[in-house]
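Enquirer: The following block contains the structure, expressed as C-alpha cells.
In the working numbering, the protein residues as written are 1 to 184.
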C-alpha cells in the first residue's frame with residue numbers, strides 16, 4: 001500500500017518504520033508539507049493543536065482515506081465548530097476518516113511484534129476506511145477494535161487522556177487488549 005504519513009514524530013515516524021518493514025511504500029511529510037496525491041491512505045500524526053496547519057500544508061488530500069492519530073491534551077480543543085479533530089479532518093478532506101493509533105504509546109511500537117497476543121488499537125470512524133485500519137493495525141502488530149462511527153472520535157480523544165493519566169499514575173506506558181470472552 002502507498003501511505004503518506006504527515007508528521008515525523010514518535011507516532012508518525014514509529015508507524016512509518018513499522019509499515020515500511022511490512023512492505024508498504026511510505027512517504028514522510030514534515031512541517032514543510034508536501035503532496036499526498038498518490039496515497040492510498042494518509043496518517044495524520046501531528047500535535048492535536050496543529051491539525052489545521054498540517055492539513056493546509058499538504059496537497060492531494062481530497063477524497064483520500066485519512067487515519068487521524070492526533071490527540072488533544074489539557075485545554076486544547078478541536079477546531080471551532082467540530083466535536084473532534086477527526087470530524088474536522090473529514091470536513092477538510094472529504095474522504096473516509098478514522099480516529100486510529102491515538103490511544104497507543106509510540107515508545108512501545110518496537111516491542112509489540114514480540115507480544116504473546118496482539119494488543120488492541122481502538123479506532124472509530126467511517127466503515128469505508130475499516131479495511132485499511134485493520135490491515136495497517138495488523139502490519140504494526142495490533143488488532144483493530146472498532147469503537148463506533150466517527151461520532152465516537154471525540155470520546156476516543158478523551159480516552160487518550162485517561163490512558164495517559166493511568167500511565168502517569170504509576171503503571172507506566174502499557175498496551176491493552178480488548179477481547180471477547182471466547183478469546184480468553
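Ideal placement from N, C-alpha and C gives every residue a C-beta, glycine not left out.
1. Quick one: is residue 68 buried, meaning 16 or more other Cβ sit within 10 Å of its Cβ, or exposed?
2. Check each candidate in 64, 135, 119 and 46 and name the one with the smallest Cα separation from residue 174.
3. As a quick exercise: from 85, 115 and 47, pick the residue whose alpha carbon is nearest that of residue 9.
4. Roughly how many angstroms lie between the CA atoms of residue 132 and residue 11, to the nearest whole one?
5. Going by beta-carbon coordinates alone, are residue 123 and residue 92 separated by less than 9 angstroms?
6. Assess contact between the segment 58-67 and the segment 76-94, defined as three or more Cβ pairs (one per stretch) separated by less than 8 angstroms. Is contact present?
7. Rounded to whole angstroms, how far is the Cβ of residue 153 from the Cβ of residue 75, which I believe are closer than 8 angstroms?
8. Let me know the secondary structure DSSP gives residue 35 once reduced to three states.
9. Residue 16 to residue 159, Cα distance in whole Å?
10. Thinking C-alpha only, which one of 2, 99 and 182 is nearest residue 22?
11. Are the beta-carbon atoms of residue 96 and residue 125 separated by less than 9 angstroms?
12. Classify residue 22 as helix, strand or coil using the three-state DSSP reduction.
13. Whole beta strand (DSSP E) runs in the segment 76-118 with 3 or more residues, listed along the chain?
14. So, under 8 angstroms CB-CB, residue 81 and residue 57 are touching, yes? Tell me the CB distance rounded to an integer number of Å.
15. Considering only the alpha carbon of each residue, which of 4, 51 and 77 lies closest to residue 40?
16. For residue 7, which residues of its own chain have a beta-carbon under 6 angstroms away from its beta-carbon, when the five flanking residues on both sides are left out?
Expert: Put simply:
1. buried
2. If we check each option's Cα against that of residue 174, 119 comes out closest.
3. The closest CA to that of residue 9, considering only 85, 115 and 47, is found on 47.
4. 17 angstroms
5. no
6. At 8 angstroms Cβ cutoff, the stretches touch.
7. 19 angstroms between Cβ atoms; not a contact.
8. strand
9. 24 angstroms
10. 2
11. yes
12. coil
13. 97-100
14. With a contact defined as Cβ atoms closer than 8 angstroms, residue 81 and residue 57 miss out at about 21 angstroms.
15. 4
16. Taking residue 7 as the centre and dropping the five residues before and after it, the same chain places the C-beta of 45 and 46 closer than 6 angstroms to its C-beta, in chain order.
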